[in-house]
Each structure stands twice: as structure tokens, then as C-alpha cells.
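Below is one structure, written out as C-alpha cells, with a few remarks after it.
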Amino acid sequence: MRITTWLVAIVGLGLTVPYVLEGLSGDGPAGWVNGFLAGPILLLFVVPDLFLLRWLTGGGDRSARGDVPKAFRGAPLAIGTVVSTARTGLSVNDQPQLDIVLDVDTTEGRSFRAVLRRVVDLTELSTLRAGLQLPVRYRPGGGDGRVVLASDADPREVQRTLSRVRLAKGQITARQLRVGEEGVDTNAVVLAMAPTGEVRHDAAVVDLTLRVTRVDGTMFDITRRKTIPATAVARLQPGMVVRARYLPHDETEVVVLTPADPSVR
């Protein structure tokens, strides 16, 4: 879109110059009606519309197309929780543009509300439900409430950010964070999940029983009280296989990995 817009602008300018020269050298008003009239028409009507269309579709804002804008590259990661979504009224190739309202939590424990505007594929609309967690990049001190989807972030970096956000919110302990970052990757089967009725920081507290596979293929069972985000409850039903981490020399703690949803790209 950007190349096309500038090509049309250059062609329009190139035709406008001889149009003006022909008009000035012609006899009366008829001199302005010449073969180069397409030049000023392009400059006055077509080019402005192309620039407007490019801006509306995210050509001037790479985040609306799924890219990370230059201003946000290398910016800190945070976790945004979807509050609501609303269509802007614009569609691109039958794909709607949405304003996604997020509650953003940083690893330092700061929270703020932000809006993420982007064109979303129709197949992804059903995933954009309240409570969905998304990795985002933000500018500290920006004050404009703008964030972009961290589509460039490494999954391990996203997982680390999510863990530190949960630590800052009191959903996990420092020990659990250590297990999550230094533990051995494995699989575990959910044997039981019993809600306690307690809610902590908008997350359910449950007694979770897991059968964990050791590195050597043997297994052990463990029951621990966990704070579970609403979006993770469906993944932790009895019989589900989940990713987990544990320390081989200390099997008294197991961390279940509940990554931020990467569904929206």
C-alpha cells in the first residue's frame, strides 16, 4: 500500500508539471483542458484518499497489521487481560478492526488500562473473550494508554514475563517462580481439581492434584494449592495433560505452565 501510494503521487506530480506548462502557454481557458489533466486529478483526489486508506488500515501504524512499530521495538513486555472489544466500523478484506480494551500488568506490579487497535482475522474473533491474557509491549512513561501485541517476543520470554507478573500480583511465591524458571520441563496429568471457594486477585484458588513424570520416566503424585487464572481453568480439568516444571532434587513443588494466549496474531 505504501509503495502504491507514493508511485501514484509521483505519477500525479509528473503529469501536473506539464499540465501547468501547457495551460500557461495555451490560448485562453481551453489551454487548461489538455492531455495532462489526469495529473492534478490524481494529486487532488486519488492520492489523499490513498493516504487516508493507508492510515485507516494500519499502513501508518504497523501494530494494526500485526507488526511491532519501531517505537515499541525492544520496549518492556507486560501481560494484558482483555476487558472488552468493540468494532471500529472499519473492515479490511472483510476482517474487522477492533479496539481491544486491556488491563495491563507489568513485572514491577504496576497496572493500567490500555487500548489495542488492530485488524483481527474472523477465525480469531471467538478467542477474544474477556479474561484472555495477551503479551503486549508498552512504553514506560508514555501516558498515552497505547500498547501493541508482542508478536515478536520469544515464547520463553513471554512465559517469564507472565510468571513475574503473577509474582508481583501475589498469585505465586518466589519459590514457585524459581521452580518455574530453573525447573526441568515435563508433562503432568491432572488427577483432580477442587475449588476452595477463595478468590485471590480475580483468580480462583484450587487444590490441584497432579501425576508428574520424572526425567527417568517414573512418576510421582503431588497435591498443592494453586491460584489459577480464569482462562486456565478449562485446561486443568481432570484427565488433561499439562506442561509442568519441577526440581529433580526437590519434588515438593511443581509449577504448571499456563502461558499467555498467543492466539491473536
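Each number in this note's numbering comes from the position in the sequence shown (counting from 1) with 1 added on. Ideal Cβ placement from N, Cα and C applies to all residues, glycine included. Nothing here was measured: the structure is a model prediction, and the numbers come from that model.
| query | Between L91, E158, K170 and D106, which lies nearest to Y139 when the distance is taken from Cα to Cα? | reply | Residue D106 is the option with its Cα nearest to Y139.
| task | Give me the Cβ distance between T228 and A245, rounded to the nearest whole Å; I'm assuming they're in contact under 8 angstroms. | result | Going by Cβ atoms, the distance from T228 to A245 rounds to 16 angstroms, so no, they are not a contact pair.
| In the structure shown, what three-state DSSP assignment does A39 receive? | In the structure shown, A39 sits in a helix (DSSP, three-state: H, G or I).
| Are three or more beta carbon pairs between the stretch 115-126 and the stretch 158-165 nearer than 8 angstroms? | Put simply, the stretch 115-126 does not touch the stretch 158-165. Fewer than three CB pairs are less than 8 angstroms apart.
| Beta carbon of L103 nearer than 7 angstroms to that of A154 | No, these two residues do not count as a Cβ contact at 7 angstroms.
| said: Just to confirm before moving on: does the CB-CB distance between T232 and Q172 stay below 7 angstroms? | reply: no
| request: Keeping to the same chain, check which residues put their C-beta closer than 6 angstroms to that of A151; ignore five residues upstream and five downstream. | output: L78, P136, V137 and R138
| query | Under a three-way DSSP split, which group does P156 fall into? | reply | helix
| task | Look at the alpha carbon of R226 and the alpha carbon of V256, and state the distance between them as a whole number of angstroms. | result | In this structure, the alpha-carbon of R226 lies about 11 angstroms from that of V256.
| message | Let me confirm a value: T224 is counted as buried when at least 16 other C-beta atoms fall within 10 Å, else exposed. Which label applies? | response | exposed
| For T157, does the count of other Cβ atoms within 10 angstroms reach 16, so buried, or fall short, so exposed? | One detail in the question is off: residue 157 reads as Arg in this sequence, not Thr. R157 comes out exposed.
| E109 - DSSP class collapsed to helix/strand/coil | coil
| message | I'd like to confirm the pairing. Which residues does DSSP put opposite D222 in its beta bridges? | response | Bridge partners of D222: R212.
| query | If you draw a straight line from the alpha carbon of T214 to that of A189, how long is it in whole angstroms? | reply | 6 angstroms
| field | Helix, strand or coil at Q98 [DSSP, three-state] | value | Q98: strand per DSSP, three-state reduction.
| request: Pick out whichever of E199, R147 and G110 has its Cα sitting closest to the Cα of A72. | output: R147
| query | DSSP state of P249, grouped into three classes? | reply | coil
| message | Since A193 and P239 should fall inside the 8 angstroms C-beta cutoff, what is the C-beta to C-beta distance between them, to a whole number of angstroms? | response | 6 angstroms
| message | Just checking: is the beta-carbon of V148 within a distance shorter than 7 angstroms of some beta-carbon in chain D? | response | As a matter of chain content, chain D is missing from the structure shown, which is built from one protein chain.
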